[in-house]
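In the numbering used here, the protein residues as written are 19 to 119.
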Amino acid sequence: MIILIANRNNELNQYAEAIIRDLLDRFSERITRVEIHLSDENSDNKSGIDDKRCLIEVRLVSHQPIVSTHQAATIEQAIDGAAKIMVHTLDSTISRLDKYD
C-alpha cells in the first residue's frame, strides 16, 4: 500500500501516515495507493470553525477510486474523521464486491 501525502509539514505527514496505516491495514492487500490531501479552506491568514479539510482517495485493485472528506477545527481532527469515514466506506464496498465474487 503506497501512501502519498500532499503536504509539506513532515510531522503532520507522519501523523497522517500512521493513522492511515493503522486504520486501513486490514485492507492493505486490496489497496494499491492512498492519496491524502490536506488544506485550510480559509487559508493561513484567517481562522474559522471547521476550516481544516482532509480528503483521502483510496485506489482498490480493479475498482474505481473511493474518496472520503472531512472538515474540522484542526487538521488532525480532519484526518481522523476522513480516515474513519474511509474505513466505513471500504467495509461496505468490499463486502459488496465479495458478495459478487
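Glycine included, every Cβ here is placed at the ideal spot set by N, Cα and C.
Counted as a single uninterrupted DSSP element, the stretch harbouring residue 91 is not any beta strand (DSSP E), since DSSP gives it neither H nor E. Ranked by Cα distance from residue 42, the options 21, 67, 117, 89 are led by 21.
The straight-line gap separating the alpha-carbon atoms of residue 90 and residue 70 is approximately 5 Å.
Bounds of the beta strand (DSSP E) holding residue 53 are 49-58.
For the options 73, 46, 60, 33, the alpha carbon positioned closest to that of residue 54 is the one of 73. By the criterion of a C-beta distance shorter than 7 Å, residue 103 is surrounded in its chain by 86, 88, once the five residues flanking it on both sides are discounted.
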